[in-house]
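This report concerns only the one structure given below.
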Amino acid sequence: MLKGILLVLFGACSFGILSTFVKLAYAEGYTLSDVTGTQAFFGMVLLWTAFLIQSKTKSKNKPNPVIKTHWLKLVGAGMFSGMVSLCYYQCVKLVPASVAIILLMQFVWISVLLELIIYKKKPTGNQILAIIFILTGTIAASGYYESVSANFNITGIIYGLISAAFYASFLMLNGKLGTEYPVLKKSALMITGACIIVFILLPPYFLINGALGGSLLKWGLILAVFGTVIPPLCFAGGIPKAGLTLSSILSSVELPVAVSMSAIVLKEPVSAIRWLGVIIILGAMILPNLENLKKGNIFRTKTA
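Numbering-wise (numbering that gives the first Met the number 0), the sequence shown opens with residue 0 and increments by one.
Take a look at the structure:
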């Protein structure tokens with residue numbers, strides 16, 4: 000179980016450092032198209048390469064799973080992931096990285112809202128309480144009470160909330176589609192969809208304008224490895240061992256990691272009040288899982 004916990008933590012931390020790397024890439028003059036395009040492109044190349052290598056080395060005696068989900072559905076679902084990157088990285092460009100990640104975390108209550116609208120699933124008392132805590136924590140963590148006007152670029156906030164909505168949609172689709180696929184193949188198909196939508200909206204001029212001859216190659220590979228390769232592999236290996244409930248709690252470490260990186264590397268000011276807001280949001284993310292923890296689900300090893 001310890002190995003599973005460490006894998007989930009590493010996957011979540013991997014997600015948490017992305018916004019800092021994006022800020023550093025922007026500081027070197029690269030654009031949204033460069034950042035999102037290289038991440039999607041190199042992520043697609045790395046995942047398909049890993050899948051092909053795995054396919055050649057796996058045992059021939061191992062039976063192939065029965066495929067029920069058409070691969071095009073996974074490519075389509077992956078487009079939501081591409082929209083998350085586009086909107087989130089545009090948000091990172093307009094507001095501090097520590098604020099951008101807080102906006103992305105709003106996917107928690109948006110997921111509850113989507114379940115209510117689509118599946119008519121009413122939120123539990125703990126979920127409603129969690130939403131209240133998240134909204135309260137967001138106000139504190141954003142620096143609103145400190146009147147830091149730079150944090151309140153309205154366009155940036157809108158992009159952040161839209162990215163949260165796409166993220167909630169992607170998680171919902173990811174949990175329901177293609178569960179019978181090998182992890183690498185499913186991830187490769189989804190990142191292919193992400194790459195397609197990114198290239199449609201922002202043509203990949205970096206492939207022909209010489210930008211890859213500079214440091215963009217470095218940033219693209221870093222974002223691809225930490226954003227599209229490590230997380231799905233760690234979650235695939237860790238969630239079955241740690242259990243769904245504990246994993247959902249552990250994955251919330253993405254928030255403090257992102258805020259810490261922005262403070263340490265980018266030197267963004269993060270006051271005590273903002274840290275208090277982060278703690279409130281973390282507590283709100285844990286709250287909906289308390290019922291499962293009480294039932295002992297923390298020790299279960301089944302996953303979707």
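Built from N, CA and C at the ideal position, the CB exists for glycine as well.
With 16 as the cutoff for other CB atoms within 10 Å, does residue i come out buried or exposed?
| i | result |
| --- | --- |
| L176 | buried |
| I16 | buried |
| Y29 | buried |
| T56 | exposed |
| V65 | exposed |
| Y166 | buried |
| K119 | exposed |
| I133 | buried |
| A149 | Reliability of the predicted coordinates at A149 is poor, the pLDDT of 45 falling under 50, and the value obtained from them is presented with this limitation in mind. Under this definition A149 is an exposed residue. |
| G124 | exposed |
| M0 | exposed |
| G10 | buried |
| S168 | buried |
| N63 | exposed |
| K2 | exposed |
If we call anything under 8 Å between Cβ atoms a contact, is residue i one with residue j?
| i | j | result |
| --- | --- | --- |
| I100 | L220 | no |
| C86 | Y158 | yes |
| S261 | S97 | yes |
| V7 | C233 | yes |
| V228 | L31 | no |
| F14 | L222 | no |
| P122 | S186 | no |
List the endpoints of the continuous alpha helix (DSSP H) containing residue i.
| i | result |
| --- | --- |
| M260 | E253 to I263 |
| G174 | I153 to K175 |
| T19 | L17 to A26 |
| I207 | Segment: none, I207 is in no alpha helix (DSSP H) and carries neither H nor E. |
| Y180 | Neither: Y180 is in no alpha helix (DSSP H) and is coded neither H nor E. |
| M82 | W70 to L93 |
| I130 | G124 to A140 |
| S214 | No alpha helix (DSSP H) holds S214; DSSP gives it neither H nor E. |
With hydrogens ignored, establish whether the beta-carbon of residue i is closer than 7 Å to any heavy atom of the ligand ATP.
| i | result |
| --- | --- |
| Y88 | Here there are no bound small molecules, and the ligand ATP is not part of this structure. |
>> Under 8 Å: do the stretch 128-144 and the stretch 185-198 share three or more Cβ pairs, one atom per stretch?
In response: no
> Would you call the stretch 78-89 and the stretch 133-141 touching, i.e. three or more CB-CB distances under 8 Å?
Replying inline: no
> Can at least three beta-carbon pairs, one atom from the stretch 97-117 and one from the stretch 227-243, be found at a separation below 8 Å?
Replying inline: no
>> For the pair the stretch 91-98 and the stretch 22-36, tell me if three or more CB-CB distances fall below 8 Å.
In response: Judged by Cβ distances under 8 Å, the stretch 91-98 makes contact with the stretch 22-36, as three or more pairs qualify.
>> Count Cβ pairs between the stretch 198-210 and the stretch 35-52 that sit closer than 8 Å; are there 3 or more?
In response: yes
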